[in-house]
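Below is one structure, written out as structure tokens; the observations come after it.
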Amino acid sequence: MKSRYLVFFLPLIVAKYTSAETVQPFHSPEESVNSQFYLPPPPGNDDPAFRYDKEAYFKGYAIKSSPRWKQAAEDADVSVENIARIFSPVVGAKINPKDTPETWNMLQNLLTMGGYYATASAKKYYMRTRPFVLFNHSTCRPEDENTLRKDGSYPSGHTAYGTLLALVLSEARPERAQELARRGWEFGQSRVICGAHWQSDVDAGRYVGAVEFARLQTIPAFQKSLAKVREELNDKNNLLSKEDHPELNY
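In the numbering used here, each number is its position in the sequence shown, counted from 1, plus 141.
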């Protein structure tokens with residue numbers, strides 16, 4: 142069931158969001174930890190927790206067109222190029238296919254592992270309606286909405302990816318761990334502000350990202366890749382200076 146879900150949705154999303162060449166995944170979809178098994182169901186409409194979901198949604202909707210709303214729109218683009226642009230100053234090193242090719246490939250691989258494989262079974266099982274659909278609103282990226290309408294809201298794949306990415310990059314550059322943790326948190330919260338997810342979707346996505354992080358630690362191919370990423374991101378020729386990048390004080 143999981144693989145059939147991915148066959149349908151993965152081409153729709155990958156074709157839209159990435160121009161990267163295909164990267165060999167660290168594991169198959171079937172080898173992911175089954176998120177439908179370990180996650181609790183999302184809050185029902187009569188659940189007190191759903192009031193919190195709605196409050197968080199309208200809090201985000203109230204800041205439409207603000208700088209934070211625009212950041213949420215930027216965070217919605219999970220192309221390798223955009224994720225590299227976002228996380229390069231946070232990790233304090235260049236991320237591009239020329240100087241850091243292993244890191245570049247890692248970004249795409251983690252999107253596949255965390256954003257798609259790890260969330261697929263729960264998404265398909267619950268097929269939760271997204272907030273912008275329920276309220277007939279627009280998200281921060283209207284061009285994504287037709288695809289999102291067909292994709293279950295719970296848990297958030299963007300959030301699982303952002304959490305996983307922040308954790309893996311922290312393994313490679315532990316001295317930037319607090320900055321990466323903060324940006325990974327913001328990346329997930331952007332989905333509520335954008336109107337694409339409920340808060341409980343994002344909360345669950347963070348846990349899915351952590352579970353996938355633990356899963357990857359057991360895979361030799363991941364460890365081999367991580368060693369190369371660590372080497373690339375700590376190469377003095379790839380480090381960013383605070384003088385040229387004041388955002389490193391983030």
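Idealized CB from N, CA, C, for every residue including glycine.
Secondary structure note for Trp339: it is in no alpha helix (DSSP H), with a DSSP letter that is neither H nor E.
Scanning the stretch 244-293 from its first residue to its last, no whole beta strand (DSSP E) run of 3-plus residues comes out. Only buried fits Asn246, as 16 or more other CB atoms lie within 10 angstroms of its CB. Distances from the alpha-carbon of Lys239 to those of Glu373, Glu384 and Lys383 put Glu373 closest.
When Leu308, Arg324 and Val164 are compared, the shortest CA-CA separation from Val221 is found for Val164.
Taking a cut-off of 8 Å for Cβ pairs, the stretch 198-217 and the stretch 325-341 touch, as three or more such pairs fall below it. Annotation for Asn379: Ala234, Lys235, Asp240, Thr241 and Glu373 place their beta carbon closer than 7 Å to its own, counting only its chain and skipping 5 residues before and after. If you keep only unbroken alpha helix (DSSP H) runs of at least 4 residues inside the stretch 294-375, you get 298-313, 318-335, 340-357 and 361-374.
For Gln165, there is no enclosing alpha helix (DSSP H), as DSSP marks it with neither H nor E. In terms of Cα proximity to Leu308, the closest of Asp285, Phe328 and Ala261 is Phe328. If you draw a straight line from the Cα of Met268 to the Cα of Pro166, it comes to about 25 Å.
DSSP places Ala203 outside both helix and strand once states are collapsed to three, so it counts as coil. If you compare the alpha carbons of Ala259, Pro315, Ser382 and Phe178 with that of Leu357, the shortest gap goes to Ala259.
Checking the DSSP bridge columns, you'll see Leu380 partnered with Ala234. For Lys211, the enclosing alpha helix (DSSP H) stretches over residues Pro208 to Asp216.
Distance between Tyr193 and Leu321, taken at the CA atoms: about 27 Å.
In terms of Cβ geometry, Phe354 and Leu305 form a close pair [threshold 9 Å]. With a cutoff of 9 Å on beta-carbon distance, Ser294 and Asp342 are scored as near each other.
Gln177 is positioned such that its CB atom lies closer than 9 Å to that of Lys265. Per DSSP, Ser176 is one residue of the alpha helix (DSSP H) stretching across Ser176 to Tyr179. The beta carbon of Phe191 lies closer than 6 Å to those of Pro184 in the same chain, with the five residues before and after it left out.
By the C-beta density criterion, Asn287 is exposed, having fewer than 16 other C-beta atoms within 10 angstroms.
In this structure, DSSP gives Asp188 a state outside helix and strand, which the three-state scheme calls coil.
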